[in-house]
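Respectively, the protein sequence lines represent chains U and R.
Under the working numbering, the first sequence has 189 at position 39, and the numbering climbs by one with no breaks.
Under the working numbering, the second sequence has 266 at position 161, and the numbering climbs by one with no breaks.
Glycine included, each C-beta is placed from N, C-alpha and C at the ideal position.
No experiment lies behind these values; they were computed from the predicted model shown.
Comments concern the structure below.
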Amino acid sequence: MDEFKDFLNNESVSPNKSLDEKVLNHVQRDLKITPTQLFLKIFGIHTIVGLLTLLFCPQFELSLTNNHEVFHFFHRTFGPYICMMICGVIFVGTGSLLVGGIINFRDLSIIHKHPFLYFSGITGFFILGFIIFGAKIYLESVLFWALGSILSSVIFFECIRLIRKLNFQK
Amino acid sequence: MNPFKNLTDEKLMILYQEDEFQAFEVLYARHRARVFSYLTKRLPHRDDIEEVFQNIFVKLHKSRSRYDSKYKFLQWLYTLSRNELLDHVKKKNINTTQFNEEFHPVEERDISDVDLDDLPLGEQEKKVLDLRINKDYDYKEISHLLNIGPSNARKIFSRAIEKLKRSLYG
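Okay, structure coming up:
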């Protein structure tokens, strides 16, 4: 007990600067994540979620189930451009909700510094993927799709980040 | 400026568990002198102090996921520091008499739970151990009570600690 009290109250000697650097560098090196690693991590999450949404919402006429009901409903109700935006929201935006909810605080703060960059990159890679898999892509529709995808991703991500931050501060 | 500098240790640990380096920086800055002072009082050589100091923070880093924020961080850090110190003493077979007389980490290890009668100690050694540890007498008082010289009391105590250490550690 006395030893613990001594531990609490005694701060008379400090380590030297080189020892501080050794410890801090060791921890920093171990915790570091490169932007590429982080990008691949969130791209992986987005891909899984995106593929799941293909079960009920086709993208550029690509579908895993040939179920086009949701697409026709949005197309009929909101017109072609808004429909494409909603498709972008469903395919990429929902992934951002999950990303914001499950990645750790370090990754949240890294993405928070450049959210448009990260989600534009994700969107760009998905468009490339659709082209490779033979989707029918037109410039106008893809622009609206990308707009819906990027904006929703940034908004969803920031909302979830804020909720987690407020929850943490409680 | 570090955004986490006003958070409690326990909150910082949660962030650190989520790989946030800046949280570790604050924790390190807050407690580095405490850990270093603790070791300085107990280890005679600078090299040993620095080695154990580094080991403590490496261990803290590796086992951060096992920390439960329900418990006080300082208590956890103290236990970690103490165990690391004891491991070092055991590994390097450092003679306890080299320590500052007031702080023998080995002698304080669960000594109150040890039945002195079960130990392979002489009667006088048991008496000195009991007076020094359980009754907290200094060597002058012990020498007066047992009618021996203070330096002799100190020697008997050191010998008893050696025996006790061998008995506890094998």
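**Item:** Counted within 10 angstroms of its Cβ, other Cβ atoms place Tyr244 (chain R) as buried (16 or more) or exposed
**Value:** buried
**Prompt:** At a CB-CB cut-off below 9 angstroms, which residues of chain R make contact with Gln178 (chain U)?
**Reply:** Phe126, Phe129 and Glu130
**Item:** Buried or exposed by the 16-neighbour rule on C-beta atoms within 10 Å, applied to Ala134 (chain R)
**Value:** exposed
**Request:** Sort U:Leu202, U:Phe224, U:His225 and U:Phe221 by Cα distance to Leu214 (chain U) and report the nearest one.
**Result:** U:Leu202
**Prompt:** Would you report the Cα separation of Arg271 (chain R) and Asp241 (chain R), rounded to the nearest angstrom?
**Reply:** 23 angstroms
**Span separating the alpha-carbon of Leu181 (chain U) from that of Met235 (chain U)** = 37 angstroms
**Asked** Alpha carbon to alpha carbon, what distance is there between Leu258 (chain U) and Cys365 (chain U)?
**Response** Given a span of 151 to 320 for chain U in the structure shown, any question on residue 365 (chain U) remains unanswerable.
**Message:** When you measure from the CB of Leu293 (chain U) to every non-hydrogen atom of the ligand MG, does any distance come out below 8 angstroms?
**Reply:** This structure lacks the ligand MG; in fact it carries no ligand of any kind.
**Prompt:** Got a sec: which bits of the region 245 to 256 of chain R sit with their beta carbon under 7 angstroms from any beta carbon on chain U, in order along the chain?
**Reply:** none
**Request:** Give the DSSP bridge partners of Gln209 (chain U), in chain order.
**Result:** U:Leu212
**Asked** Touching or not, the region 271 to 290 of chain U and the region 146 to 159 of chain R, by the rule of three or more beta carbon pairs under 8 angstroms?
**Response** no
**Request:** Could you tell me whether the region 260 to 278 of chain U touches the region 185 to 200 of chain U, where touching means 3 or more Cβ pairs closer than 8 angstroms?
**Result:** yes
**8 angstroms CB neighbourhood of Arg256 (chain U) in its chain, flanking five on each side removed** = Leu181 and Ile183
**Own chain, CB closer than 6 angstroms to Glu115 (chain R), minus 5 neighbours either side, in chain order** = Ser174 and Phe178
**Message:** Using the Cβ count rule (16 or more neighbours within 10 Å means buried), how would you classify Arg237 (chain R)?
**Reply:** buried
**Asked** Applying a beta-carbon distance threshold of less than 7 angstroms, which residues of chain U neighbour Thr145 (chain R)?
**Response** Val163
**Request:** Ignore the nearest five residues each way along the sequence and tell me which others in Gly245 (chain U)'s own chain have a CB closer than 7 angstroms to its CB.
**Result:** Ile195, His196, Val199 and Gly200
**Request:** With 8 angstroms as the limit, tell me which residues of the region 151 to 164 of chain R have their beta carbon closer than that to any beta carbon of chain U; keep them in chain order.
**Result:** Glu155, Phe158, Gln159, Phe162 and Val163
**Request:** Determine the extent of the alpha helix (DSSP H) in which Lys164 (chain R) is found, giving its start and end residues.
**Result:** Arg151 to Lys167
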